Each structure stands twice: as C-alpha cells, then as structure tokens.
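In terms of my numbering, the sequence shown opens at residue 3 and continues consecutively. By construction, the Cβ of each residue, glycine as well, lies at the ideal position given by its N, Cα and C atoms. Being a predicted model, the structure only gives us computed values, none of them experimental.
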Amino acid sequence: MSSLLSRYRRALIAIVILLVVSPLFGVVGAELVGYHEPLDVAAEALGLEESSIWSGLLPDYSIPGLPEDWLSASMGYIISGVVGVLIILAIGFILTRLSGK
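See the structure below:
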C-alpha cells in the first residue's frame, strides 16, 4: 500500500490541494459573479420545487444540521469533493481488478 501511495504521491497531493481550494470557486467565486446552477434556474423558470422524497447525501453541498455560514459551506464543498474522489477511485479500483491488471 505504501508503494502505491508513493507511486501516486504527486497526484494525491494535487487532489488534496484542489479539494482544499474548491470552496474558493464554489462559494466565494459563485457569490462574486452571481453564479446560479443552471438546473436550479431552469427549475425555477418552470415553477418546479425540490423533491422532498430524497435530497441526497449532501444537499446543495451543505452539511445537514450545521449553520449556513461560510465555514460550513466550505466544509460541505470539501467533504462533497472527498466523497466524489473516493467514489471515482473505488470505481477505478473495481474496474482494474475486474480487468485482471
């Protein structure tokens, strides 16, 4: 395992850096330019509301139960990023094992 980590050390460092700076683009940058998610804009134009059936693990990149401030939003982006990276790595690991390489 440690040889695997040392082999991909640069890539892992890059991923961690991108995860840490992601709130700058998702929270601060979006506020600065007035960005809104295109699907949210389309749903609002059609008069649709969010489904109450299941809102997802981290709805709107937020952590349920925490106050809606900059720090909580930042942590939501970072945790969402970590979950996404882990899912992609797991899929890659499974496909690699299935292919026999």
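Alpha carbon to alpha carbon, how far is residue i from residue j?
i, j, result
"Phe61", "Gly86", "Per the sequence shown, residue 61 should be read as Pro rather than Phe. Approximately 14 Å, taken between the alpha carbons."
"Val84", "Val30", "19 Å"
"Gly102", "Pro40", "40 Å"
"Leu34", "Leu97", "40 Å"
"Glu52", "Phe27", "24 Å"
"Ala13", "Ser82", "19 Å"
Along the alpha helix (DSSP H) that carries residue i, what are the first and last residues, could you check?
i, result
"Pro69", "Neither: Pro69 is in no alpha helix (DSSP H) and is coded neither H nor E."
"Glu33", "32-35"
Let me know the secondary structure DSSP gives residue i once reduced to three states.
i, result
"Ile55", "coil"
"Leu50", "coil"
"Ser64", "coil"
"Tyr10", "coil"
"Gly102", "coil"
Would you call residue i buried or exposed, if buried means 16 or more other Cβ atoms sit within 10 Å of its Cβ?
i, result
"Ala75", "buried"
"Tyr79", "buried"
"Tyr37", "exposed"
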